[in-house]
Amino acid sequence: MLVGAAPFGVIFGTLAIASGIPVWATLALSALVFAGSSQFVAVSLISAGVALPVLWLTTFVVNLRHALYSATLLPYARHLPARWRWLLAFWLTDETFAVVERQLRHHVGERDGAKYWLGSSLAMYLNWQLWTLVGVLVGQSVPGLASLGLDFAMVATFAAIVAPQLRQRPVLVAALVAGVVALLARSLPYKLGLMLAACAGVLAGLLAERLALQKGSP
Amino acid sequence: MTLYLVLAVAGMVAVTYGIRLSFLVFGHRLSFPAWLERALRYVPAAVLTALIVPMALAPREVIDLSVANAYFPGAVVAGAVALFTEHTLAAILSGFAAYGLWRWLF
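Chains A and B, in that order, are what the protein sequence lines are. For the first sequence, numbering that gives the first Met the number 0 gives the first residue as 0, with consecutive numbering after it. For the second sequence, numbering that gives the first Met the number 0 gives the first residue as 0, with consecutive numbering after it.
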């Protein structure tokens, strides 16, 4: 997990600097928001200069899945003091959730669960900060990265993340619809096309899932 | 610009931390709706695809399917390698190689 996050941290840092985002803001995104995909999306939106409500709304949609993690982990955190739950919630990302949920499910009721959770969180967090910093340094030391086609890094990264998910038919439908709508709506102001495409994609995915279920049952 | 960035980051922190706190801290009074759980499964693929398709097919606002557009073949290679190898880093690097090669060729 730690190794897996490294290239994304570096690409994020480099991309943010090459897109003209200042060092402090790049580091602040990693240190305070600490949510990889929304940070990438933010780089693209901020460098396009979108209105703040659009950025915040997009962040909300992209990170809403963390609410599911929060709900799933609640049974393991119920007994913890409130200040622990406030603290652990801050680091709740995809990777932390994956590791911690598996560990706690197999070792229910052990006293050290919270320590394991905190340790994993801190490891993921420091790891992400380190690789972001490396990316920032790369971005700074190689000026003109943008002209080398660094914006392609985002395309390649996201294509590589999405492609394996497309084996599931409803996800494929969701992606196709989102892609077509995004392409058609690309000239809408405030990058609203992204939101529109995301909503259309999610609805299409749900619809495809329902149709597949109906076909499956006579 | 600085104020814009401060507000941008602050708002993102508030939204993201709020989501993460939702159930862990206030969960005793909430329950997670099943339809939302199903909908969330499609969010990453929909958002990421919506981001990259316009970049890959219309890098300069107009749809460009000519050989001058290296984004498209690069994205296809990155996606194909990820699909068949499940190796994200290899996929990104292959995509970059294809993109660079394409730009050098045309």
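Ideal Cβ positions, reconstructed from N, Cα and C, are used throughout, including at glycine. All values reported here derive from a predicted model rather than from experimental measurement.
Residue 188 of chain A is outside the set of residues whose beta carbon lies under 8 Å from a beta carbon in chain B. Against residue 164 of chain A, the close residues of chain B are 43, 44, in the order they occur along the chain (beta-carbon pairs closer than 8 Å). Residues of chain A whose Cβ lies closer than 9 Å to the Cβ of residue 21 of chain B are, in chain order, 65, 66, 69, 70, 88. Using a CB distance cut-off of 8 Å, residue 17 of chain A does not count as an interface residue toward chain B. The region 115 to 133 of chain A and the region 14 to 29 of chain B do not touch, with fewer than three beta-carbon pairs separated by less than 8 Å. Scanning the region 28 to 59 of chain B from its first residue to its last, the whole alpha helix (DSSP H) runs of 4-plus residues come out as 33 to 39, 42 to 56. Closer than 8 Å to the CB of residue 143 of chain A there is not a single CB belonging to chain B. Under DSSP, residue 61 of chain B forms a beta bridge with B:59. Among the CB atoms of chain B, none fall inside 8 Å of the CB of residue 95 of chain A. Residue 183 of chain A has its alpha-carbon roughly 47 Å from the corresponding atom of residue 105 of chain A. Rounded to whole angstroms, residue 55 of chain A and residue 28 of chain A show a C-alpha spacing of 13 Å. Excluding sequence positions up to five before and after residue 55 of chain B, its CB lies within less than 7 Å of the CB of 70, 71, 74, all in the same chain and listed in chain order. Distance between residue 6 of chain A and residue 88 of chain B, taken at the CA atoms: about 7 Å. Of the candidates A:81, A:80, A:74, the residue whose Cα lies closest to the Cα of residue 99 of chain A is A:74. Taking the Cα of residue 57 of chain A as reference, the smallest distance to any Cα among A:34, A:172, A:22 is reached at A:34. When the Cα atoms are used, residue 136 of chain A and residue 39 of chain A turn out to be separated by approximately 17 Å. Residues of chain B with a Cβ closer than 8 Å to the Cβ of residue 80 of chain A do not exist; the shortest Cβ-Cβ separation is about 11 Å. If you draw a straight line from the Cα of residue 114 of chain A to the Cα of residue 32 of chain A, it comes to about 22 Å. Taking the CA atoms as reference points, residue 28 of chain B sits about 52 Å from residue 96 of chain B.
Residues of the region 40 to 69 of chain B that bring their beta carbon within less than 9 Å of a beta carbon in chain A comprise 40, 41, 42, 43, 44, 45, 46, 47, 48, 49, 50, 51, 52, 53, 54, 55, 56, 57, 58, 60, 62, 69, in sequence order. Counting every other CB atom within 10 Å of its CB across the protein chains shown gives residue 1 of chain B a total below 16, marking it as exposed. If only complete runs of 4 or more residues are kept, the region 33 to 84 of chain A shows the alpha helix (DSSP H) at 35 to 46, 51 to 62, 64 to 76, in order along the chain.
For residue 122 of chain A, the enclosing alpha helix (DSSP H) begins and ends at 112 to 140. Under the 8 Å criterion on CB atoms, residue 90 of chain B is classed as interfacial with respect to chain A. Proximity of residue 33 of chain B to chain A, defined by a Cβ-Cβ separation below 8 Å, is not satisfied.
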